[in-house]
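Numbering follows my numbering, in which position 113 of the sequence shown is assigned residue number 113; successive positions increment by one, without gaps. Encoded as structure tokens, the structure appears first; notes follow it.
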Amino acid sequence: MKKVVTFGEIMGRIMPEGFMRFRQCLPGKVDMLFAGAEANVAVSVSQLGGEAEFVTALPENDIASACIAELSSLGVATSHIIRSDGRLGLYFTEPGANQRPSRVIYDRSYSAISKAEPADYDWDGVFSDAGWLHISGITPAISKNAAESTLAAVKKAKQAGVTISCDLNFRAKLWKWKQGIEPQALAREVMSEIVSGVDVLIANEEDADCVLGIKAENTDVEAGSLDVQAYKDVAAKISRAFPNIEKIATTFRESVSASHNNWGAMLYDCKQAKAFYAPTEAGEYQPYRITDIVDRVGGGDAFAAGLIFALNTPELSGCREAVSFAAASSCLAHSIKGDFNFSTRSEVEALAGGNASGRVVR
Numbered sequence: 001m002k003k004v005v006t007f008g009e010i011m012g013r014i015m016p017e018g019f020m021r022f023r024q025c026l027p028g029k030v031d032m033l034f035a036g037a038e039a040n041v042a043v044s045v046s047q048l049g050g051e052a053e054f055v056t057a058l059p060e061n062d063i064a065s066a067c068i069a070e071l072s073s074l075g076v077a078t079s080h081i082i083r084s085d086g087r088l089g090l091y092f093t094e095p096g097a098n099q100r101p102s103r104v105i106y107d108r109s110y111s112a113i114s115k116a117e118p119a120d121y122d123w124d125g126v127f128s129d130a131g132w133l134h135i136s137g138i139t140p141a142i143s144k145n146a147a148e149s150t151l152a153a154v155k156k157a158k159q160a161g162v163t164i165s166c167d168l169n170f171r172a173k174l175w176k177w178k179q180g181i182e183p184q185a186l187a188r189e190v191m192s193e194i195v196s197g198v199d200v201l202i203a204n205e206e207d208a209d210c211v212l213g214i215k216a217e218n219t220d221v222e223a224g225s226l227d228v229q230a231y232k233d234v235a236a237k238i239s240r241a242f243p244n245i246e247k248i249a250t251t252f253r254e255s256v257s258a259s260h261n262n263w264g265a266m267l268y269d270c271k272q273a274k275a276f277y278a279p280t281e282a283g284e285y286q287p288y289r290i291t292d293i294v295d296r297v298g299g300g301d302a303f304a305a306g307l308i309f310a311l312n313t314p315e316l317s318g319c320r321e322a323v324s325f326a327a328a329s330s331c332l333a334h335s336i337k338g339d340f341n342f343s344t345r346s347e348v349e350a351l352a353g354g355n356a357s358g359r360v361v362r
């Protein structure tokens, strides 16, 4: 498969040990990892066996250097990361359990990527040997410069004949860089132009509603109820609104509690006007029942990476096979601490093939 390039912000993720709350553990010890939607995808693609490169802007300091070293150690190319003015963004996660939800606090203002301009990046070099670009709706949300850089990446990739995927990833807390415009309105304004250039779109129920104004019927995200068949209609509406899109994927998360989620996905082929669901039993959609979540943050990124890897792997590239692989990849990510999915291709294929026992592998 050709190289997969991802562009976006990577941050330090700070979290309590175990399931403690910040009010319990501070002052005291916390864990720090590196994380960010697009970086998560690059790492997962690499762990699955693909070639991946991550492009971003980071400050010139030892913590940022440690971040780059971590990515390199995981097989992700970093040669087009620029070092510039600003700081490393942070986000704080307090893991939920049972009926207590997880909580996220962002500290991303004045990060290096929020200040970098489109012309600071060597786009021609980035896409000289790339076959795929993946972006998300998170990076454009942090600043005008970041939004313009994301759009520049899309335009340059399109000129280079590179396939482009985008995960809408709506984050209301971040879309605040244009005064006088509500987060949803700003997201729609910016992302509509970006989505007009992509080939594969990933959007869950909240993304489709908040960013594109398209809502799934008989669905209540807060109540955790989903009508998966309604998402075929949503995908069809998106396809009509954006005829450039070839495939539309969505993930289904039914949140029974913070510790128990039912998880699955759909891939809609716009040309065939046909939806494919995973996982299935006897041809019917039956979600993975994840009853003891270790860490759900990054689960959607693991899905995106699994989908990209599958679509670029001939024996996995059929819609049914691709969505099955992607859903299984994401399911496994829920069992791993941190944003990065360290699952291998063989592990994902085993789960997608029906081996969900979790028995010791000897």
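Cβ atoms here follow ideal geometry from the backbone N, Cα and C, with glycine treated the same way.
For residue i, which residues in the same chain have their Cβ closer than 6 Å to its Cβ, ignoring the five residues on either side in sequence?
| i | result |
| --- | --- |
| V198 | I164, C166 |
| E70 | F34 |
| D301 | A37, N40, V41 |
| L168 | G137, A203, D207, V211 |
| Q184 | C210 |
| L48 | F309, R345 |
| S72 | T78 |
State yes or no: is the C-beta of residue i within less than 8 Å of the C-beta of residue j?
| i | j | result |
| --- | --- | --- |
| S149 | A116 | yes |
| R296 | S44 | no |
| I10 | A39 | yes |
| P16 | V4 | no |
| V323 | A278 | yes |
| G299 | Y285 | no |
| F342 | A327 | no |
| T6 | H134 | yes |
Distance check for residue j and residue i, CA to CA, integer angstroms please.
| i | j | result |
| --- | --- | --- |
| G75 | S46 | 6 Å |
| E206 | R253 | 11 Å |
| K237 | H80 | 37 Å |
| G125 | G161 | 14 Å |
| Y231 | C319 | 16 Å |
| A97 | D122 | 44 Å |
| E347 | Q179 | 47 Å |
| V294 | H334 | 6 Å |
| F77 | E217 | The residue asked about is misnamed: residue 77 is Ala in this sequence, not Phe. Straight-line Cα distance between these residues: approximately 42 Å. |
| E189 | R240 | 18 Å |
| Y370 | A282 | What is shown of the chain runs 1 to 362, which leaves residue 370 out entirely. |
| P95 | G18 | 8 Å |
| V200 | A130 | 16 Å |
| V55 | R108 | 18 Å |
| E321 | P27 | 48 Å |
| L267 | D85 | 40 Å |
| S128 | C270 | 29 Å |
| E182 | A172 | 9 Å |
| V360 | G354 | Note that V360 scores 48 on pLDDT, short of 50, meaning its location in the model is unreliable; the coordinates nonetheless yield the value given after this. Distance between the alpha carbons of V360 and G354: 16 Å. |
| S330 | G8 | 20 Å |
| E193 | N244 | 12 Å |
| Q272 | C67 | 42 Å |
| V228 | K155 | 33 Å |
| Y110 | F170 | 20 Å |
| R100 | L332 | 22 Å |
Report the CB separation of residue i from residue j in whole angstroms; it is logged as a contact under 8 Å.
| i | j | result |
| --- | --- | --- |
| Y288 | N262 | 7 Å |
| K2 | W132 | 7 Å |
| G306 | F325 | 5 Å |
| S114 | A153 | Rounded, the Cβ-Cβ distance is 15 Å, inconsistent with contact. |
| D339 | R13 | 6 Å |
| A187 | W175 | 5 Å |
| H260 | T280 | No, H260 and T280 are not in contact; Cβ-Cβ is about 21 Å, not under 8 Å. |
Give me, in chain order, the residues of the same chain whose beta-carbon lies closer than 7 Å to that of residue i; leave out the 5 immediate sequence neighbours on both sides.
| i | result |
| --- | --- |
| I82 | A57, A116, D120, Y121 |
| F242 | V195, S196 |
| V234 | A208, I214, A216 |
| A366 | Given that the chain is displayed from residue 1 to residue 362, the structure contains no residue 366 and the question cannot be resolved. |
| R362 | Unreliable placement is indicated for R362, whose pLDDT of 45 sits below 50; the coordinate value is still reported in the next sentence. None. |
| L316 | A310, A322, F325 |
Taking only beta-carbon positions, decide if residue i is within less than 8 Å of chain C.
| i | result |
| --- | --- |
| G137 | Absent from the structure: chain C. Only one protein chain is present. |
| message | For the pair the stretch 50-69 and the stretch 91-102, tell me if three or more CB-CB distances fall below 8 Å. | response | no
| request: Evaluate the contact criterion for the stretch 132-149 versus the stretch 16-23: three or more CB pairs, one atom per stretch, below 8 Å. | output: no
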